[in-house]
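Q:
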Amino acid sequence: LFRSDDYSSRLLSTYAKAVGLRFIHTALADHIRALCTDKKSSDFELNIAKDPSLSDPVKLQRNADNLMAVCQTIVDSILDHVDALPLSFVHVCRYLKGKLIERFLDKSEEDYDGSSSPIKAIMGGFLFLRFICPAITTPHSYGLLDEIPDASSRRILVLVTKLLFNCSTDVEFGVKESYMRIVNGFILQNAPRMSFLYTRLTAKREGDIEACFTADSDGIFANITQDQLIQDRDEIMLALGKHVDEVVGKVALSSESLAQQLQVVMAPSTAAAAAAAAAASPQKDVEKKKTGGGGIMGFFAPNRKL
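Numbering (full-length UniProt numbering), first residue to last: 1 to 306.
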């Protein structure tokens, strides 16, 4: 779940990053900076193919202990700051749980809590694979570091995300990455804490969902200039032009009427329209940016109130 780089997964990742960046900084910043400043990959490496000195079982165990200790501080920080997660995440998690049960499972929603394997798979896919782990592997993209980490730091971060993700889905390492099996104890030890986290995030919540998403979205555009809005709109138009059929097809699985509305609204976003816009004269392009156009072009017009 969430492993393919399709439109819906990318959309959910983008939303999570946009509204959840404050949580990322609160829960991860200090730990990531420390890893990239004070640590060496030779103290965390577990793959003997990358470091032959790991044939020494004492060194191997020491590195495994180092990796598990770092990951434990990160897990502890995530759980300690769970209240800093955007409230809309709760609605997303509950929706994902409901759709998972509806499509793949044969029991009622009440029969599945955070300790069940299917729930851990989808929660780990969203919360860790698509939200937390990318922030760890590319910390410069999330403002956690000022520059790209060096090769040694990147290797540490990759090992950390490997263990954190498997911990989040309660899947022990096996044949595929056998060198990681030495840290399977960490996964078993933290399984109850992951169950608690997912049970909490998928619990029923009172309140208006629309108001919740609106509140979490406030401020996303606060520091974006008109030029940035225009550039973002044009990029969205090009992306939509390439994926119109895919988007409409997936929406149609849930709502045929909504899919038909999208076809009308997204008509200007077809590949032909994008090609025609790219071939238009610079002056016409400026006029389009000023007026915004119709359909979804009008929605992303710079003078539209967001």
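We treat Cβ as the ideally placed atom computed from N, Cα and C, and that holds for glycine. As the structure is a computational prediction, the values presented were derived from the model and not from experiment.
Is the beta carbon of valine 82 closer than 8 Å to that of arginine 200?
A: Going by C-beta atoms, arginine 200 is nearer than 8 Å to valine 82.
Q: What first and last residue would you give for the alpha helix (DSSP H) that runs through arginine 165?
A: Strictly speaking, residue 165 in this sequence is phenylalanine, with arginine absent from that position. Start and end: 151-169.
Q: Mapping the DSSP letters down to three states, classify proline 134 as helix, strand or coil.
A: Looking at proline 134 - three-state DSSP - the assignment turns out to be helix.
Q: For the segment 159-173 against the segment 126-146, do three or more pairs of beta-carbon atoms, one drawn from each stretch, fall closer than 8 Å, so that the two count as touching?
A: At 8 Å Cβ cutoff, the stretches touch.
Q: Would you check if the distance between the CB atom of leucine 35 and the CB atom of valine 75 is smaller than 8 Å?
A: No, they are not a contact pair.
Q: Going by other Cβ atoms of all chains shown within 10 Å of its Cβ, with 16 needed for buried, is tyrosine 95 buried or exposed?
A: Exposed, since its Cβ has fewer than 16 Cβ neighbours within 10 Å.
Q: Is the separation between the beta-carbon of aspartate 170 and that of alanine 191 shorter than 8 Å?
A: It is a contact, given that the beta carbons lie within the stated cut-off.
Q: Please report the residue range of the alpha helix (DSSP H) in which leucine 79 lies.
A: From DSSP, the alpha helix (DSSP H) with leucine 79 extends over 57-80.
Q: Considering only C-alpha positions, which residue in the set Val265, Ala16, Ser254 is nearest to glutamate 102?
A: Glutamate 102 has its Cα closest to that of Ser254, out of Val265, Ala16, Ser254.
Q: Give the straight-line distance between the Cα atoms of methionine 123 and phenylalanine 186, rounded to the nearest whole angstrom.
A: Those two C-alpha atoms are separated by around 19 Å.
Q: In this structure, how does DSSP classify arginine 22 when only helix, strand and coil are distinguished?
A: In the structure shown, arginine 22 sits in a helix (DSSP, three-state: H, G or I).
Q: Going by CA-CA distance only, name the one from Ala18, Ser13, Thr26, Arg22 that's closest to serine 217.
A: Looking at the Cα atoms, Ala18 is the closest of the given residues.
Q: Under 8 Å, do leucine 67 and isoleucine 136 count as touching if we go by C-beta distance?
A: Not closer than 8 Å, so no.
Q: Just tell me which of Arg22, Lys40, Ile24 has its CA closest to the CA of serine 153.
A: Of the listed residues, the one whose Cα sits closest to serine 153 is Lys40.
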